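Asks: Each number in this note's numbering corresponds to the 1-based position in the sequence shown with 537 added. Just so you know, even glycine gets a beta-carbon here, dropped at the ideal spot from N, CA and C. This structure is a prediction, so every number in the text was calculated from the model and none was measured.
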Amino acid sequence: MLKKMISSDSHITEPPHCYVDFIDPKFKDRAPRMIDDGAGGSAFHVEGVKRPINVGLAAAAGKDPADLKGRGIKFDDLWRSGWDGKARAADQDRDGIAAEIIYPTVGMMLCNLEDMDYKKACFDAYNRWLQTFVADAPNRLFGLGQIALRSVEEGIKELEEVKKMGFVGVMMPGNPGVSDYDDPIYDPFWEAAIALEMPLSFHILTIKANGIEQHRGPRINSFQSIIRGCQDIMGMLIFSGVFQRHPKLNICCVEADAGWAPHFMYRADHAYKRHRFWMKGQELEKLPSEYFRENIYLTFQDDWVAFKVKDMLNIERLMWANDFPHSDSTWPWSQEILAEHAAELTEDERNMVCHDNVKKLYNLPVKEEPLAMAAE
């Protein structure tokens, strides 16, 4: 049977009180807060972020492309299920979704804050609020905590705290507070994540110099650039030997699609075999592509290319998502889209990509129900 799907990458829409009510009192006056966007809509003002973060595209799932806009949309007009866990199930039932891995929205932009203390206060506030959201549907909503990683030692404590809060993984900041992720000083952190069975996610738009504003030419060209930050991190972890030293480490490359991965692996192997001596690359026990296939999970929505090249990938590391309620979401048309894109997959293969892989990675207590139930 085809199983109801598990979205490996869904989002909340932070409500106005998310940060103000849950932040450390020392930062309350600086907490991200909702303001008028100047066009009759709502936006988040965040200290250290150049422009207000408009909410219009944060919950535009299901809209006609011609109706998409960032400004002039009020928070009260967004999908309630973006911030109300009790309302979430009904919307996701429409799409055949049994459960979701929950990521932030404004919180992605906060990853780029320069003030590390302020960043940590915001992330801690978000985690407290997220607990209340997932508690409304504990068998369907599974949150990922955010950590600031000001230091390796504190990062390990943050992992432990996020685990205690009931979250199933962590959304990593694209840029840590000390050095970079290829530095061996992070080895204890990777080992802690393994011991705690906490997959670590790198999501698009959380890496400096790879955001929506970094592009050449027309703004729409930024859509091509936003996946490159995730690709850089995957390459860094592979070439620096992180996966060689920590073979059980699970890393998720989130919302960066998957169809590019075969060429990425080819190029990594070519670079290693041909250029590692003069470029002084680290000696690896396996080819870069082998580490990629084993340690890196890829999430995607309507990337039909991913299904076409599945045999060049590790299908056990592909995880489908509906990205609800963002503007890039396949909701509420996911079943129709998958019927076309995944037509060449066997039933077992489709269940792996749309249910089994994410369930196994996060050890989710989700019942296996037939997809037909979604239409009842």
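Starting from residue 828, trace the alpha helix (DSSP H) in both directions and tell me its first and last residue.
Replies: Residue numbering aside, residue 828 sits at position 291 when the sequence shown is read from its first letter. Residues 825 to 832.
Asks: Restricting to Cα atoms, I'd like to know which of 884, 899, 894, 759 is closest to residue 908.
Replies: Numbered from 1 along the sequence shown, position 371 holds the residue referred to as residue 908. Answer by Cα proximity: 884.
Asks: How big is the Cα-Cα spacing for residue 720 and residue 779?
Replies: By one-based count along the sequence shown, residue 720 stands at place 183. By one-based count along the sequence shown, residue 779 stands at place 242. If I take the Cα positions, the gap works out to 9 Å.
Asks: Report the residue ranges of all alpha helix (DSSP H) runs contained in full by the stretch 541 to 573; include only those spanning at least 4 residues, in chain order.
Replies: Listed in chain order, the complete alpha helix (DSSP H) runs (minimum 4 residues) inside the stretch 541 to 573 are 554 to 557.
Asks: Less than 8 Å separating the beta-carbons of residue 503 and residue 741?
Replies: Lying before the first or after the last residue shown, residue 503 is absent from the chain, which here runs from 538 to 913.
Asks: Just to confirm before moving on: does the CB-CB distance between residue 899 and residue 641 stay below 8 Å?
Replies: Position 362 of the sequence shown, counting from 1, holds the residue named residue 899. Position 104 of the sequence shown, counting from 1, holds the residue named residue 641. No, the pair does not count as a contact, with Cβ atoms beyond the cut-off.
Asks: Nearest CA to the CA of residue 810: which residue from 845, 823, 698, 586?
Replies: Start at 1 with the first residue of the sequence shown, and residue 810 comes out as number 273. Residue 823 is the option with its Cα nearest to residue 810.
Asks: Mind reading off the beta-carbon distance from residue 739 to residue 702? Whole number of angstroms is fine, and I expect it under 8 Å.
Replies: As a working note, residue 739 is residue 202 in the sequence shown. As a working note, residue 702 is residue 165 in the sequence shown. Not really, about 21 Å apart at Cβ, beyond 8 Å.
Asks: Based on DSSP bridge pairs, tell me the residues matched to residue 637.
Replies: Within the sequence shown, residue 637 is the residue found at index 100, counting from 1. Its beta-bridge partners are 544, 678.
Asks: Across which residues does DSSP place residue 752 in a beta bridge pair?
Replies: Along the sequence shown, read from residue 1 onward, the residue named residue 752 stands at position 215. Beta-bridge pairing links residue 752 to no other residue.
Asks: Determine, using beta carbons only, whether residue 812 and residue 594 come nearer to each other than 8 Å.
Replies: What you label residue 812 is simply residue 275 of the sequence shown in a count that begins at 1. What you label residue 594 is simply residue 57 of the sequence shown in a count that begins at 1. Not a contact, by the Cβ cut-off of 8 Å.
Asks: What residue range is occupied by the uninterrupted beta strand (DSSP E) comprising residue 855?
Replies: Counted from its first residue, the sequence shown places residue 855 at position 318. It spans 855 to 857 - the beta strand (DSSP E) in which residue 855 sits, taken as one unbroken run.
Asks: Going by Cα to Cα distance, which pick from 796, 865, 713 is closest to residue 692?
Replies: Taking the sequence shown and counting its residues from 1, the one referred to as residue 692 is at position 155. Checking every option, the nearest Cα to that of residue 692 belongs to 713.
Asks: Based on DSSP bridge pairs, tell me the residues matched to residue 706.
Replies: Locating residue 706 in the sequence shown gives position 169, where the first residue counts as 1. Residue 706 pairs with 681.
Asks: With residue 556 and residue 685 assumed to form a contact (beta carbons below 8 Å), what rounded beta-carbon distance in angstroms separates them?
Replies: The sequence position of residue 556 within the sequence shown is 19, counting from 1. The sequence position of residue 685 within the sequence shown is 148, counting from 1. The pair is not a contact, with the Cβ atoms about 14 Å apart (cut-off 8 Å).
Asks: Once you ignore the five residues that flank residue 723 on each side, which residues in its own chain have a CB closer than 7 Å to its CB?
Replies: Here the question's residue 723 lines up with position 186 in the sequence shown. So the list reads 689, once near-sequence residues are dropped.
Asks: Would residue 591 be called buried (16 or more neighbouring beta carbons within 10 Å of its own) or exposed?
Replies: Here residue 591 is taken as the residue at index 54 of the sequence shown, counted from 1. So residue 591 ends up on the buried side.
Asks: For residue 696, count neighbouring C-beta atoms within 10 Å of its own C-beta (all shown protein chains included) and say buried if the count is 16 or more, exposed if not.
Replies: Counting from 1 along the sequence shown, the entry for residue 696 is found at position 159. Burial call: buried.
Asks: Taking contact to mean 3 or more Cβ pairs, one atom from each stretch, closer than 8 Å, check whether the stretch 606 to 613 and the stretch 640 to 658 are in contact.
Replies: Counting Cβ pairs under 8 Å, fewer than three are found: no touch.
Asks: Can you give me the C-alpha to C-alpha distance between residue 902 and residue 676, rounded to a whole angstrom?
Replies: Translated into the one-based positions of the sequence shown, residue 902 becomes position 365. Translated into the one-based positions of the sequence shown, residue 676 becomes position 139. Near 7 Å, if we compare the C-alpha coordinates of residue 676 and residue 902.
Asks: CB residue 657 to CB residue 711, shorter than 8 Å?
Replies: In the sequence shown, the residue the question calls residue 657 occupies position 120. In the sequence shown, the residue the question calls residue 711 occupies position 174. No; because the gap between Cβ atoms is not below 8 Å, this pair is not in contact.
Asks: Under 8 Å between the Cβ atoms of residue 545 and residue 793?
Replies: For the purposes of this step, residue 545 is taken as residue 8 along the sequence shown, with counting starting at 1. For the purposes of this step, residue 793 is taken as residue 256 along the sequence shown, with counting starting at 1. Against a cut-off of 8 Å, the Cβ pair of residue 793 and residue 545 comes out as no contact.
Asks: Comparing C-alpha positions only, which one of 717, 643, 707, 635 sits nearest to residue 678?
Replies: The residue labelled residue 678 in the question sits at position 141 within the sequence shown. For residue 678, the nearest C-alpha among the options comes from 635.
Asks: Under DSSP, the beta strand (DSSP E) around residue 580 begins and ends at which residues?
Replies: Stepping through the sequence shown from its first residue, residue 580 is reached at position 43. Residue 580 -> beta strand (DSSP E) spans 579 to 582.
Asks: Note down the Cα distance separating residue 785 from residue 725, rounded to an integer number of angstroms.
Replies: Here residue 785 corresponds to residue number 248 of the sequence shown, with the count starting at 1. Here residue 725 corresponds to residue number 188 of the sequence shown, with the count starting at 1. Whole-angstrom Cα-Cα distance: 13 Å.
Asks: Using a Cβ distance threshold of 8 Å, determine whether the stretch 567 to 577 contacts the stretch 826 to 844, with at least three qualifying pairs required.
Replies: The stretch 567 to 577 is not in contact with the stretch 826 to 844.
Asks: Helix or strand or just coil, what does DSSP make of residue 740?
Replies: Start at 1 with the first residue of the sequence shown, and residue 740 comes out as number 203. Three-state DSSP puts residue 740 in a strand.
Asks: Could you check what DSSP says for residue 850 in three-state terms: helix, strand or coil?
Replies: Numbered from 1 along the sequence shown, position 313 holds the residue referred to as residue 850. Coil.
Asks: Let me confirm a value: residue 587 is counted as buried when at least 16 other C-beta atoms fall within 10 Å, else exposed. Which label applies?
Replies: Position 50 of the sequence shown, counting from 1, holds the residue named residue 587. Answer is exposed; the Cβ neighbour count stays below 16.
Asks: How would you write the range of the beta strand (DSSP E) that residue 788 sits in, first residue to last?
Replies: Taking the sequence shown and counting its residues from 1, the one referred to as residue 788 is at position 251. 788 to 791 is the span of the beta strand (DSSP E), which, as asked, contains residue 788.
Asks: Would a C-beta distance cut-off of 8 Å place residue 777 and residue 805 closer than the cut-off?
Replies: Here the question's residue 777 lines up with position 240 in the sequence shown. Here the question's residue 805 lines up with position 268 in the sequence shown. Result no, Cβ atoms of residue 777 and residue 805 do not sit closer than 8 Å.
Asks: Which term fits residue 911, buried or exposed, when burial requires 16 or more other beta carbons within 10 angstroms of its beta carbon?
Replies: Here residue 911 is taken as the residue at index 374 of the sequence shown, counted from 1. Low per-residue confidence applies at residue 911: pLDDT is 44, beneath 50, and the placement is therefore not dependable, though the value from the model is reported in the following sentence. It counts as buried.
Asks: From this set, 620, 653, 772, which residue's C-alpha is nearest residue 807's C-alpha?
Replies: Taking the sequence shown and counting its residues from 1, the one referred to as residue 807 is at position 270. Ranking the options by Cα distance to residue 807, first place goes to 772.
Asks: Counting only runs that start and end within the stretch 586 to 671, where is the beta strand (DSSP E) found for 3 or more residues in a row?
Replies: Taking only runs of at least 3 residues, the beta strand (DSSP E) segments lying wholly in the stretch 586 to 671 are 634 to 640.
Asks: Taking the alpha carbon of residue 615 as the reference point, which residue from 841, 660, 580 has its own alpha carbon closest?
Replies: Stepping through the sequence shown from its first residue, residue 615 is reached at position 78. If we check each option's Cα against that of residue 615, 580 comes out closest.
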